[in-house]
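For the sequence shown, our numbering begins at 2 and goes up steadily by one.
Ideal Cβ positions, reconstructed from N, Cα and C, are used throughout, including at glycine.
Here is the structure we will look at.
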Amino acid sequence: MSPFKRLLVLATAAGALALAAPAVAGAPTVQPYSWKPVEVLGGGFVSGVVYHPTEKGLVYIRTDIGGAYRLDRATNRWVALNDALKRADGQLAGALSLAVDPHDPDRLYMAAGEYTGPYARGGALLRSTDRGATWAKTELPVKIGGNEDGRNTGERLMVDPSQGAVLFLGAKDGLYRSADHGATWSRVEAFPKVHVTLVAFDPVEKTKTGETAIVYAGFAASNGGGGLLVSTDGGATWGLVGGQPKGLIPHHLALDAKGVVHVAYGNALGPNGVTNGAVWTFDPDSGTWTDITPVKPGDGDLFGYGGLSLDPAHPGVIVVSTLDRWGRGDDLFRSTNGGKTWKALREKSEHDAAGAPWVRGLEGKAGRAMGHWIGDVDIDPTDPDEAIYVTGYGLWRTRNLTEADRSGRTNWRFDDEGLEETVALELVSPPNGASGGAPLISAIGDIGGFRHDDLDRAAGSRYFDPHGGTNRGLDYAELEPDILVRTSDPTPTGGFRSTDGGKTWIAFASAPPRGGRLDTGRIALSADGKRMVWALRGALPQVSSDDGKTWRPVQGVTPGDRLDFTPVSDRVNPSRFYLYDSAQGAVLASADGGETFKTTARSLPGGRSPRAVPGIEGELWLPTFQGLMRSTDGGDSFKAVGGVDEAGLVGFGKAAPGQAHPAVFVWGKVGGVEGVFRSDDVGKTWIKLHDDRWGFAELRALTGDPNRFGRVYLGVHGRGILYGDPPATASAPAQP
C-alpha cells in the first residue's frame, strides 16, 4: 500500500468528476536546500538514555516518535540520527531501545517501530558501524511499539559484553536472539511469551562458547504485575528469580561489580498509570532480596519508580527517579551507601531553562519543578558528575551531581540544543507587516504553539499564552494578517483569537456544542478576519460572525456516515469559504460568509488539507493520493496537475522573480520520485528540494513563506519544524 494511503481517505460518494489528463512531465530536477530547525528545543518524550560504558563522552538518547540522537560534545548539540528515513519507513522513527557494544564504540543498534497494532508496520533492527551516521536495516519477525506503553522501560536490546556478535531483543511476545550483529534474528523458544521490559548481562561467567552465561530479563505479565527471569546458560533456559517482589514490573535494572542486581519497579508499564512501586536489590550469592525504596507510595501520594543508575567508579552510589508522582511532583533520590539512606534532590536543585523559557509555561510552575514522566535517569559511567534524566518534553543534564553529597545543591540545564521532537499540526506564514513580521506561527501537539519571531532561537519566540495543550487549527486573515485564530483541545471553549499577530490571545466566549469531543479540528478565518467557520472533528461545521461569541450550524451540508470536514477561507474574497468533505470526496462552497454551502464537486480522490491560493480569488488546490488537484473556479471543477503522482500536503510561497502565481510546494511523489518539491510555473515543472540525507518520513504541516522566495516550512512528525532555503547557486539546479 502506498504510504500516503495511510494518511488519506478514499472518497466513496456517488457521482462523477471528469479529471483532465495531466500533461506528461519528466523527472524533477534536484536542488538540495539548506535545512535548519526552527528552534523550540525538546517538545516530546525522551524515552531513554544510553551512555557507552567506556568511551568517554559518548551518549545517545532515544525518543518515542523522533528517532535517536547522539551528543556532539564539541558543539553541545544533539545530532539526529534518523533523518534519512523515507515515507515507507516513517514508523521506524519510534526508537524503542538502543544498544551499544562495550568493546566497539562505533557500533550502535536500534529497535525501531512505533506501534504493534494490526495496521502497524513491522519492526526493524537498525545497525550502524559509524555511531549512527549511516544504517543497515533488518526486518524483524515482530512489531515494535516505540510509542506504546512501556517505552520508558529498558533497555530491552542488549549486546553480549562477552561476545559482541550476540544480541538479545525483548519484545511484547518474548525474547529474540541474534548471533551475527543483528543481521538475522530468531525467537528464544525456551523463553515465555511475555512482554519483555529489559535485558541485562552479568559477565562474571561465560558459557563454553564464550558467551555471557548469566542473563536477566524483566517482564510484564498479561494478567498484571510482572517479574524477573534469569538464565545461567547464556539464554538457553530460563526461570523466575526466587523470592522477588510480587505485583510489580521491572522498569530499569543495573548490576554492580559484585553482581548485585538493583531494580526500579512500577505497578504499570508507564509512562502513565503508575500508582505504586519500589526499589529492590538482589544478591545472587545469598539469594537475598532487600527493599531499599527511598519513599514508599501511599496515603494519597501515589507513584512508582522508573529510572535507576549506578556509578561504576564509586560502589554504593545509586540514583533513582519517581514516576507519575502527580501530586507532590516527581523527584530524584541519591544514595552513596547502597540504598541504606537517601537524599532527595528536587528541593535544592536549580533548573536552568533560559534557552527554552516555554518549559516553565508548560509545567505551570516556577523554580524547581523537575518535570513529569521521569522514566529514566543515567549517570555518565566515565564522569560521576554528569547525569541526564528524561521528561515528557525533553531532558535535563547536570555537571555537578556529586555536589548533592556536600551541599545537596545540583544544577540542571535544559540541554536540548539540536533535539527537536514537536509535532506541528499547522503552520502559517503571514505577509510582512503582521505585528513586527514574525515569519512563522505554529500550532503544535501536546505543548501548544509559538509565534516564532526568531527561527534560530527558542528564547526569541513567544509561547502561546494560554498554551492550551494540543493546538490543531490555525489561520490568519489574509487581508488583516494581525488577526489569527487557533483551536485548542483541552480548553473550555476550544479556541483563541489574536489581534496582534499572535503576541497575545483571548479565548472565544463560547464554542459549538462539543458533545464530549476532545479533538477541536480545523478552523478557517475569512480574508478580512470577521468570520470563522469551525469544524470540530466528527461534527457538522459551525459559523461565527461575532469573534466567537455565538455559533450556529452552517446550512446546506448533508452529513454522511462519517463526519470529517476541513474548512478553508478564500484568501481574497471575505465572503467565500470552502469545505472539503473527505468522507464523501466532495468540495462545498459558500458565497455568503460561511452561512450556507452547496456541493460543487464530487467523487474527488481521497485527500486532506486543501489550500486556497493567496492573491487569487477562487483558486483551490487539493492534495490526494491520486495526485494534486487544482480548481480555478471556486471549487466547481478540478484538474489534475501534471507529473504529480501522489500528494500529501500542498502550500504556497512568494512567487519567483518574473512570475505572477505564488510558488507551489508539495510533499508527495513527482515523476515517480518521492520527496518535497517546488514549482515556480504553476506545476509545469518541479524541483526536488533535498537529497537522500533527508527522507522527511512523515510531514504533518507545510507552508511556503510569502515574504522570501523559495523558503518553505515543514512540520515533520516527531522531528519538529524545519525551514529550508535555496542554495546560493539556485539558478543552476543539478540533474538527478
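Under the assumption that residue i contacts residue j (Cβ atoms under 8 Å), give the Cβ distance between them as a whole number of angstroms.
| i | j | result |
| --- | --- | --- |
| E206 | A214 | 4 Å |
| K810 | G171 | The question about residue 810 has no answer, for the chain in this structure spans 2 to 737. |
| D406 | T337 | 6 Å |
| R71 | S48 | With 8 Å as the limit, R71 and S48 do not qualify as a contact, their Cβ atoms being about 16 Å apart. |
| L97 | V51 | Their Cβ separation, rounded to whole angstroms, is 12 Å, which puts L97 and V51 out of contact at 8 Å. |
| K599 | G654 | Actually they do not touch by this definition, with Cβ atoms about 31 Å apart. |
| F678 | W687 | 4 Å |
| G522 | R538 | 4 Å |
| G474 | I507 | About 16 Å separates the two Cβ atoms, so there is no contact after all. |
| L236 | I250 | Looking at the sequence itself, residue 236 is Gly, so the reference to Leu does not match. 21 Å between Cβ atoms; not a contact. |
| D257 | P316 | 6 Å |
| D386 | R400 | 6 Å |
| G340 | G288 | Incorrect: roughly 18 Å between the Cβ atoms, too far for contact. |
In the DSSP assignment, find the beta strand (DSSP E) that holds residue i and state where it starts and stops.
| i | result |
| --- | --- |
| V197 | H196 to K207 |
| R361 | No beta strand (DSSP E) contains R361, which is instead part of the alpha helix (DSSP H) from W359 to E364. |
| Y394 | Unbroken run through Y394: none, as it is neither H nor E. |
| Q585 | Segment: none, Q585 is in no beta strand (DSSP E) and carries neither H nor E. |
| R63 | V60 to T64 |
| N412 | N412 to R414 |
| L127 | A125 to S129 |
| V674 | V674 to S680 |
| Y724 | G721 to D726 |
| T282 | G278 to D284 |
| S443 | L441 to I445 |
| A354 | Element bounds for A354: n/a, residue is neither H nor E. |
| A214 | T213 to A221 |
| F666 | A664 to V671 |
| F192 | That residue, F192, is in no beta strand (DSSP E); it is neither H nor E in DSSP. |
| Y34 | Careful: Y34 lies outside any beta strand (DSSP E) and carries neither H nor E. |
| M533 | M533 to A536 |
| N472 | N472 to A478 |
| A602 | K599 to A602 |
| P568 | F566 to S570 |
| T551 | No beta strand (DSSP E) holds T551; DSSP gives it neither H nor E. |
| A172 | L168 to A172 |
Do residue i and residue j have their C-beta atoms within less than 8 Å of each other?
| i | j | result |
| --- | --- | --- |
| G175 | P193 | yes |
| G240 | H252 | no |
| V642 | G684 | yes |
| S430 | T704 | yes |
| V200 | V216 | yes |
| V321 | L311 | no |
| S443 | L428 | yes |
| L126 | L141 | yes |
| T208 | G151 | no |
| L589 | Y579 | yes |
| D571 | T601 | no |
| P440 | H453 | yes |
| P467 | T492 | yes |
| V667 | L690 | no |
| G248 | G211 | no |
| S583 | G607 | yes |
| V160 | V231 | no |
| G496 | V534 | no |
| K528 | N574 | Lys is not the amino acid found at residue 528; the sequence shown has Ala there. Yes, these two residues count as a Cβ contact at 8 Å. |
| R518 | F509 | no |
Pick from the options: whose alpha carbon is nearest that of residue i?
| i | options | result |
| --- | --- | --- |
| G438 | K504, T399 and R335 | K504 |
| G372 | H104, Y390 and G616 | Y390 |
| I293 | P285, L303 and L309 | L309 |
| P272 | G288, Y394 and L229 | Y394 |
| Y110 | P491, H182, G118 and Y120 | H182 |
| P624 | E647, S632 and D384 | E647 |
| A221 | R612, D520 and T154 | T154 |
| Q245 | F639, G644 and V264 | V264 |
| Y61 | F626, V41, N83 and E40 | N83 |
| W552 | R515, T559 and S511 | S511 |
| R414 | P103, P358, E422 and V262 | P358 |
| R88 | L700, R712 and R709 | L700 |
| E422 | A166, L396 and S187 | L396 |
Unbroken beta strand (DSSP E) runs of length 3 or more, entirely within the stretch 286-351: which are they?
-> 289-292, 305-311, 319-324 and 333-336
Unbroken beta strand (DSSP E) runs of length 3 or more, entirely within the stretch 101-147: which are they?
-> 105-113, 125-129 and 137-140
Ranges of the beta strand (DSSP E) found wholly within the stretch 482-519, counting only runs of at least 3 | 496-499
Continuous beta strand (DSSP E) assignments of at least 3 residues falling wholly in the stretch 606-675 | 621-625, 628-632, 645-654 and 664-671
List in chain order: all unbroken beta strand (DSSP E) runs of 3+ residues lying wholly within the stretch 678-707.
-> 700-705
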